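Residue numbers (mature numbering (1 follows the signal peptide of the UniProt record, and there is no 0)): -19 to -1, 1 to 1176. Ideal placement from N, C-alpha and C gives every residue a C-beta, glycine not left out. Computed from a predicted model, the values in this text were never measured in an experiment. First the structure, in the form of structure tokens, and then the observations on it.
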């Protein structure tokens, strides 16, 4: 049965692509109208042949096309013909040869084949677009658990699947979008399957005595439905069969903890939820077994999606989102108004009329999903909308996106509008910096050496002059001979006013030659692809490109897109440090709250800034008016201020300029005379009374005139800003003002790729415009989510106005997260557009200087890149020359053996833990804290979510609440830490039986490149050193001892140099228990030295009252059996419980002193940190789930 369905799916794909909307000769894309015309042409040619040659088909020949182009009508007309007649028709249409001639020495001529040949060729083609528009976007139970549609996670990589692929090339943009649509939908369906299975299994549905449903457990993400009712079914739009809108009300009871109740009440508009029907057959108390099939255990029947409109208030009205706080509703009963999928509702109603069940009378579970994982519907709607409109990508980018033509065609060197002269603004720190940045160019500068100061404007002599600049010489381009020469020009930035804050912010980074090439490429029109290995300053390059475009093209608008909010905020914080007017900055999306600044760069935050700035500027206008002695209410509005500027300010300035011109000709060259004239005659002296005095100082008339002009620029800027803010007086609502800000005022707009996909329709309808796109973390963004930001604006006159596309990323680090193995490996969905362009051979700028890690540490991942060297400060800076206090080595791989015969454990499928490594890594962290390392400089990473939870529990038990030690900066997974760094990194590799997903070299590169000064890795050395993929790194790691070597009696920071040899102070740790004992003794000594400052009856000494030993197995078997049985019961009921480690800690704290002393003498019992896929986590990191699939493949 499976094979039969599989073959049908493959046949459907073949049939679809055999009739794909493309011209077989030219390769041009065909529209629906074009395909209809081709279809009519085929039918009419057949009718002509039938009319002329076959009298039996006269009725067919005289019928209109609509009556004869369906399969049924064609079968009716051709059904009466024999094989001979069918062959004659097929031969006349050149579908089969007249005779058996080489190379056609054999072909089928039977009646069945010929009839199917004629019918298939001439039947009406089903429009793929129409089918797509009628498709429900929410998956149902029929799709979610259909292995033929959504393959299982146990895909081995062998064999063929009936799935589309994301290859290097695509037929047309329609083909590109359709493949991405189908794969994105299926991947979302797989994730939804996992969420439903997790939530419903936690709720433990059982069959009650009366045949109903009772829930034995509970889930954070799901609630039982108290009532469900469809409240509105709107009439269909003209020409459609589906209802235009279907709304329903869902009532639930929020009898849950406060924080969970707040999560349910904070469901936003457009959040997607799922309505689930279960009819369990299991009796009370039946345990759920995660290793058994899901549907039979819980009795799942139906799944339908819905979209939240809002929660209803006490009067039954939807509570709208806005700046005002939400009303507090009494009690625990809440009702949500939701939109149902209109296409799905129509299908369900059709099924009901055919005798099926009423799906909408049976829902008993409402499930929500995490917001970050719940954007699939909006993305699918965006792709579908793109397919229904004419996608216009820039002509210089079209063929490259499809994978055809010259890969370098969009490089700036081949663009027809390449800019010859570039203003690099503050990019260069000195003239020597310019010289060193262009080693392959000859530099010319006509300015004396002592005056060659930044900023610089560079003219590239190897770039042909633009046609606009040489209209007078038509043959100039033909005579042009490129010369590898740069003409360097310097200029002086005009003073913006007399105040210190008017001085522009300057770049202080000395960019390398490759970084300069990346900046130059980004400033030029075309496609720029920058490959940035770890620590090479990708963000600094991106920020400088943005700044230079802003200053070179002040009327252009730049869109910044990143994969994560964290990366976007890092980028935005650096942008704010440059010379960019903050009124031109805008940050879209909900990640803006994490910006480490007091300023609010969201849409409403910018509106408030503009309104406050307007009042401040009007206040300055009032002061100016008073200083000039002008009467009237000129500072009332932006409009009145404009008139005041025109008739009073400009008039006085022009008069002063005339007087100054005369004085410059008549007065002697005397600074005192000039100063007296400017102090007496300059009309705005009184206004600038609060500026640093004296206001006018200098040696020449030009010096004084420059100061006067800078003061007038300051005043002019006030009125320029007020003119820009004038629209905010005319627009009265915050929504209108925020839209105007987005469409007109902002010059640099930042958002995540997800936000771009969610809001595309809204942005296009607003008339959003931009000229440049810069993408950071481009190698981590899905192909389709990279493509959508290119089309956030409507074309102008049939053309896309995009001028520059800058992509910055590293395809040698982790790719986009794809959880399903089949989609990841077979369909190649994990390939980002960035990676595809690199594979196609698009020219890249490879940054080659890392400034993050010590040379020894960077050597662990340097081999993965073509060329990666250390920047000079890595060798010169003192912090890199000093050793790590308390450690003999700056990096070390520490072998961790089994503890009591146990290495890795797996309390849940693919939830890997290793208690020995967790205890060891926590002991090393405590050691670092005890000798003075700041906690914010230490991060603990691991390769599995299970180990992350375990380490957090061990920290919580051992030292989390201890004021001497506390928590490290972060405890997280390698995948989630990509893009971040810290001085000291401790890594747990977890696995002891199989290598696992660290086998992926991209994950290894991320893990090795997070540390700046110290990297300490804990794992089973014998397992990992023999892995072929990891050998380059582990050869270096295994050159050093595999036992942790410490330097005693040393505190942080140390003055010891790396090269200094040590003797007796070196202490080698044989195993985890020795390290734990050593740290305990250190802690006791530390308390002794601090006992006068600490409470005498401190219970903190119990932290390591029982040190792990290898001999602690005595009398533990029974206790372990009991604990395992308790753990199994807890996991089976899926109830929220407190980890035994935490319970043990509380019980110990309550014992009296005598019992504490007795407990200290007993053998150590390892803390049973059990598996918690804890629903209380702030954020369950979905990136790690994808590693499950890698695990299966590798093992």
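### Query
How do the segment 775 to 795 and the segment 343 to 359 stand: do at least 3 beta-carbon pairs fall below 8 Å, yes or no?
no
### Query
Helix, strand or coil: which one does DSSP assign to residue 948?
coil
### Query
According to the neighbour-count rule (16 or more other Cβ atoms, all chains shown, within 10 Å of its Cβ), is residue 210 buried or exposed?
exposed
### Query
By a C-beta neighbour count over all protein chains shown, 10 Å radius and 16 as the cutoff for buried, is residue 685 buried or exposed?
The residue in question, residue 685, is buried, as its Cβ has 16 or more Cβ neighbours within 10 Å.
### One or two residues paired with residue 423 in a DSSP bridge
466
### Those runs of the alpha helix (DSSP H) which lie wholly inside the segment 968 to 1055 and span at least 4 residues
Runs of the alpha helix (DSSP H) lying entirely within the segment 968 to 1055, each at least 4 residues long, are 982 to 989, 1002 to 1005 and 1012 to 1018 in chain order.
### Task
Give the DSSP-derived three-state secondary structure of residue 964 in the structure shown.
Collapsing the DSSP output to three states places residue 964 in a strand.
### Message
Please classify residue 997 as buried or exposed, where buried requires at least 16 other C-beta atoms within 10 Å of its C-beta.
### Response
It counts as buried.
### Query
Is any beta-carbon of chain D found at less than 9 Å from that of residue 386?
In summary, chain D is missing from the structure at hand, where a single protein chain is found.
### Query
For the 8 Å Cβ check, are there 3 or more pairs between the segment 667 to 684 and the segment 705 to 715?
no
### Query
Looking at C-beta atoms only, is the number of pairs between the segment 746 to 754 and the segment 459 to 476 that lie closer than 8 Å three or more?
Segment contact: the segment 746 to 754 against the segment 459 to 476, fewer than three CB-CB distances shorter than 8 Å; contact not assigned.
### Task
To the nearest angstrom, report how far apart residue 1118 and residue 922 are at their CA atoms.
Its pLDDT being 26, under 50, residue 1118 is placed unreliably in this model, and the value from its coordinates should be taken loosely. If I take the Cα positions, the gap works out to 26 Å.
### Task
Give the C-beta separation of residue 897 and residue 871 to the nearest angstrom, bearing in mind that I take them to be a contact with Cβ-Cβ under 8 Å.
Actually they are not in contact, since the Cβ atoms of residue 897 and residue 871 sit about 24 Å apart, beyond 8 Å.
#### Entry: Completely contained alpha helix (DSSP H) runs for the segment 645 to 681, where each covers 4 or more residues
652 to 662
### Message
Which residue marks the beginning of the beta strand (DSSP E) containing residue 249, and which one marks its end?
### Response
Element bounds for residue 249: n/a, residue is neither H nor E.
### Query
Taking the alpha carbon of residue 305 as the point to measure from, which residue in 943, 131, 585 and 811 has its own alpha carbon closest?
Comparing Cα-Cα distances from residue 305 to each of 943, 131, 585 and 811, the minimum goes to 585.
### Query
Hey, how far is the Cα of residue 28 from the Cα of residue 334?
40 Å
#### Entry: Sequence-distant residues of its chain with Cβ nearer than 7 Å to residue 1007 (five each side left out)
none
#### Entry: Distance between residue 479 and residue 658 (C-alpha atoms, nearest Å)
18 Å
### Task
Work out the CA separation of residue 715 and residue 296 for me, nearest whole Å.
26 Å
### Task
Measure the C-alpha to C-alpha separation of residue 788 and residue 510 and round it to an integer number of angstroms.
5 Å
### Message
Using the three-state DSSP reduction, which class does residue 1091 fall into: helix, strand or coil?
### Response
Any reading at residue 1091 needs caution, since the residue's pLDDT is 44, under 50, leaving its predicted position unreliable; the model's value is listed next. Taken through DSSP and simplified to helix, strand or coil, residue 1091 comes out as coil.
### Task
Note the first and the last residue of the continuous alpha helix (DSSP H) segment covering residue 283.
It is not in any alpha helix (DSSP H) - residue 283 instead sits in the beta strand (DSSP E) that spans 281 to 292.
### Query
Does the beta-carbon of residue 171 have 16 or more other beta-carbons within 10 angstroms, so that it is buried, or is it exposed?
buried
### Message
Let's test the definition: count the other Cβ atoms within 10 Å of the Cβ of residue -3 and tell me whether it reaches 16, buried, or not, exposed.
### Response
It counts as exposed.
### Task
Pick out whichever of 652, 832, 881 and 178 has its Cα sitting closest to the Cα of residue 273.
178
### DSSP three-state assignment for residue 887, whether helix, strand or coil
strand
### Query
For residue 380, which of helix, strand or coil comes out of DSSP?
helix
### Query
Since residue 920 is in the beta strand (DSSP E), which residue starts that stretch and which ends it?
Residues 919 to 923.
### Bounding residues of the beta strand (DSSP E) (the contiguous stretch that carries residue 188)
Element bounds for residue 188: 186 to 188.
### Where the alpha helix (DSSP H) containing residue 498 begins and where it ends
494 to 504
### Contacting residues, own chain, Cβ-Cβ under 6 Å from residue 822 (five flanking each side not counted)
388
### Task
Please report how far the alpha carbon of residue 432 lies from the alpha carbon of residue 416, in whole angstroms.
Here the alpha carbon of residue 432 sits roughly 15 Å from the alpha carbon of residue 416.
### Query
Tell me which same chain residues have a C-beta within less than 7 Å of the C-beta of residue 104, skipping the five on either side of it?
50, 51, 52 and 55
### Task
Could you check which residue in 194, 184, 188 and 208 has the C-alpha nearest to that of residue 200?
Of the residues 194, 184, 188 and 208, the one whose Cα lies closest to the Cα of residue 200 is 184.
### Query
Would the beta-carbon of residue 271 fall within 9 Å of that of residue 889?
yes
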